[in-house]
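Student: Handing you this structure, nothing more for now.
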Amino acid sequence: MAAALASRARGAVVGGLVADAAAVPCHWCYDTTKLAEHLKTARRGPAFCDPPGNVFYTPPSGGFSCYGDQTMTLLESLVACEGKLDVEDYATRLESKFGKASAYEVEAVDPENWPELKTNPTDADGNVIEAERKWSMPLPGPWRHGSIKKFLKQRVVEKKQFPECGASDEQVDGCCKVAPLVALLAGSQQLLPSVDTAVRVTQNTDKASAFACGFARVLEKLVLGTPTVSEAISAAQADLANPERAFKTALDDDVAANLGRVVGEFSGMPHIEVGMKLKPEPDYKQAVEESIRTGGCTASRATLAGACYGSIGTDLMIPEEWIANTSEGARLKDLVAKLVDLREKVATDSTVCCGAM
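In our numbering, the protein residues as written are 255 to 611.
Here's what the structure looks like:
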């Protein structure tokens, strides 16, 4: 039983991050017709699509999106701190991962308005004056998300500490980063408070936290042995409707409703709700590939699907070829093994979160 749980916990983290890397080459492809045509002629795809269809940024081969890099940074911090969520350590690592000395510091960044991109001059009609263009897409490197840019501005430029360093941002980044905490704390009352704390380092909003906690409830069910995503969602909805539930939020009804809409169109929904949508595909590979074919924010959707389906059965369900195609695949497996090995230690430690106040 313990071995099976450990395997599911490893699968949640490895599955989510490998899926993120698999989706990056087609990230933010909003024209689904063009995406479908591109995939028909690609040498490889939809996972790790070659050539890439990403017109926004140019990550290294097998690299993570900004979602994945946030999750990997949290994983590194949890392992380095021996299972403690140390917000100062995590924030410092985020600053290093996304800061001025990182791969995210491309030439298009405006040093006078850091970390925003330079403003391209426009004419009276709002069209970019091509002769004066300062940058164009795809960026020659990775793309900083809005929440990360605001976090960097508030922490690095304005010297704000937790939780004031967190952005007033409600997007899906928070949901994408919960897998390491679920792998470490599934079954513990410390899980949801830890998710709330981790999310607020970069997104200090009730909605980002509530939706991340909602997804954590689903993923926890799967890690603890619930056999299908649909059953895990139903169980999480029941928890959210229980007046005696732990860690209540004012948005729990909204979270439960969005957990229930697991099949249907993605268009017309706020971005955070799009990220919560999970299509009931039968296995890990198909779930991730379908998430990519859907277009739009493929990286967030694939991350959530990959975490869920990676935690069903065993971590062996994740294709070894995909792990090999992930630039940090071997290191990822090593870190995740160390994280899951910390579960027993953390279970007897009442100070899982530190530096939060």
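All C-beta atoms in this analysis are idealised placements derived from N, C-alpha and C, irrespective of residue type, glycine included.
Is A466 helix, strand or coil by DSSP?
Tutor: On the sequence shown, residue 466 is found 212 positions in, with the first residue counted as 1. It is helical.
Student: For D603, collect the residues of the same chain with a Cβ closer than 8 Å to its Cβ; drop the 5 residues on either side in sequence, then sort them by chain order.
Tutor: In the sequence shown, residue 603 corresponds to position 349, counting from 1. For D603, where only same-chain residues beyond five positions count, the Cβ hits under 8 Å are G337 and K338.
Student: Would you kindly check if the distance between the Cβ of V360 and the Cβ of L393 is under 7 Å?
Tutor: Taking the sequence shown and counting its residues from 1, one reaches residue 393 at position 139. Taking the sequence shown and counting its residues from 1, one reaches residue 360 at position 106. Against a cut-off of 7 Å, the Cβ pair of V360 and L393 comes out as a contact.
Student: Does the region 364-371 touch the region 398-414, meaning 3 or more C-beta pairs lie closer than 8 Å?
Tutor: With a cut-off of 8 Å, the region 364-371 and the region 398-414 count as touching, because enough Cβ pairs lie within range.
Student: Going by beta carbon distance, what residues of the same chain come within less than 7 Å of L513, once the five residues before and after it are set aside?
Tutor: Here residue 513 refers to the residue found at position 259 when the sequence shown is read from its first residue. Taken in chain order, the residues that qualify are G468, V472, I487, A490, Q491 and M530.
Student: State the start and end residues of the unbroken alpha helix (DSSP H) segment that holds R298.
Tutor: Counted from its first residue, the sequence shown places residue 298 at position 44. R298 -> no alpha helix (DSSP H), and no H or E assigned at all.
Student: Would a C-beta distance cut-off of 7 Å place S442 and D423 closer than the cut-off?
Tutor: Position 188 of the sequence shown, counted from the start, is the residue given in the question as residue 442. Position 169 of the sequence shown, counted from the start, is the residue given in the question as residue 423. Result no, Cβ atoms of S442 and D423 do not sit closer than 7 Å.
Student: When you compare only the Cα positions, how much space is there between A464 and L446?
Tutor: Locating residue 464 in the sequence shown gives position 210, where the first residue counts as 1. Locating residue 446 in the sequence shown gives position 192, where the first residue counts as 1. Near 9 Å, if we compare the C-alpha coordinates of L446 and A464.
Student: For I383, count the other beta carbons within 10 Å of its own beta carbon; 16 or more makes it buried, fewer makes it exposed. Which is it?
Tutor: Along the sequence shown, read from residue 1 onward, the residue named residue 383 stands at position 129. Exposed, because fewer than 16 other Cβ atoms sit within 10 Å of the Cβ of I383.
Student: Under DSSP, the alpha helix (DSSP H) around N308 begins and ends at which residues?
Tutor: Here the question's residue 308 lines up with position 54 in the sequence shown. Note, N308: premise wrong, no alpha helix (DSSP H); not H, not E.
Student: For a quick check, are the C-beta atoms of V590 and V267 less than 7 Å apart?
Tutor: As a first step, residue 590 must be located in the sequence shown, where it is residue number 336. As a first step, residue 267 must be located in the sequence shown, where it is residue number 13. In this structure, V267 lies closer than 7 Å to V590 by Cβ.
Student: In the DSSP assignment, find the alpha helix (DSSP H) that holds E485 and state where it starts and stops.
Tutor: Residue mapping note: residue 485 aligns to position 231 of the sequence shown, counting from 1. That run of the alpha helix (DSSP H) goes V483 to A495.
Student: If you reduce the DSSP assignment to three classes, tell me which class T503 lands in.
Tutor: Counting from one through the sequence shown, the residue named residue 503 turns up at place 249. DSSP places T503 in coil when its eight states are reduced to three.
Student: The alpha helix (DSSP H) with G603 in it runs from where to where?
Tutor: Here residue 603 corresponds to residue number 349 of the sequence shown, with the count starting at 1. The residue you asked about is not Gly; residue 603 is Asp in the sequence shown. Premise fails: D603 is in no alpha helix (DSSP H) and is neither H nor E.
Student: Starting from K232 and walking both ways along the alpha helix (DSSP H), at which residues does that stretch end?
Tutor: This structure leaves residue 232 out entirely; the chain is present only between 255 and 611.
Student: Going by the CB atoms, is the gap between Y321 and A553 shorter than 7 Å?
Tutor: One-based indexing of the sequence shown puts residue 553 at position 299. One-based indexing of the sequence shown puts residue 321 at position 67. Yes, the pair counts as a contact, with Cβ atoms nearer than the cut-off.
Student: Which same chain residues, not among the five before or five after P300, have their C-beta less than 7 Å away from its C-beta?
Tutor: Working through the sequence shown from its first residue, we reach residue 300 at position 46. Only C280, L293, E543, I546 and R547 meet the Cβ criterion.
Student: Which class does T451 belong to by DSSP, given the choice of helix, strand or coil?
Tutor: Counting from one through the sequence shown, the residue named residue 451 turns up at place 197. Helix.
Student: Using C-beta distances below 7 Å, list every residue in its chain close to D427, excluding the 5 sequence neighbours before and after it, in chain order.
Tutor: Counted from its first residue, the sequence shown places residue 427 at position 173. Contacts found: Y321, Q324, H399, S401, T456 and Q457.
Student: L558 lies in the alpha helix (DSSP H); which residues open and close that run?
Tutor: Looking up residue 558 in the sequence shown gives position 304. Its alpha helix (DSSP H) spans residues T552 to G564.
Student: Would DSSP call T376 helix, strand or coil?
Tutor: Mapped onto the sequence shown, residue 376 falls at position 122. Reduced to three states, the DSSP call for T376 is strand.
Student: By a C-beta neighbour count over all protein chains shown, 10 Å radius and 16 as the cutoff for buried, is L570 buried or exposed?
Tutor: Start at 1 with the first residue of the sequence shown, and residue 570 comes out as number 316. Classification of L570: exposed, given that the 10 Å Cβ count is below 16.
Student: Evaluate A585 with the Cβ neighbour count: other Cβ atoms within 10 Å of its Cβ, from every protein chain shown; 16 or more gives buried, anything less gives exposed.
Tutor: One-based indexing of the sequence shown puts residue 585 at position 331. Note on residue identity: the sequence assigns Arg, not Ala, to residue 585. Per the 10 Å Cβ criterion, exposed.
Student: With H, G and I counted as helix, E and B as strand and the rest as coil, what does DSSP make of C430?
Tutor: Here residue 430 refers to the residue found at position 176 of the sequence shown. It is helical.
Student: May I ask which residues mark the beginning and end of the alpha helix (DSSP H) holding M326?
Tutor: What you label residue 326 is simply residue 72 of the sequence shown in a count that begins at 1. Run containing M326: C320 to A334, per the alpha helix (DSSP H) assignment.
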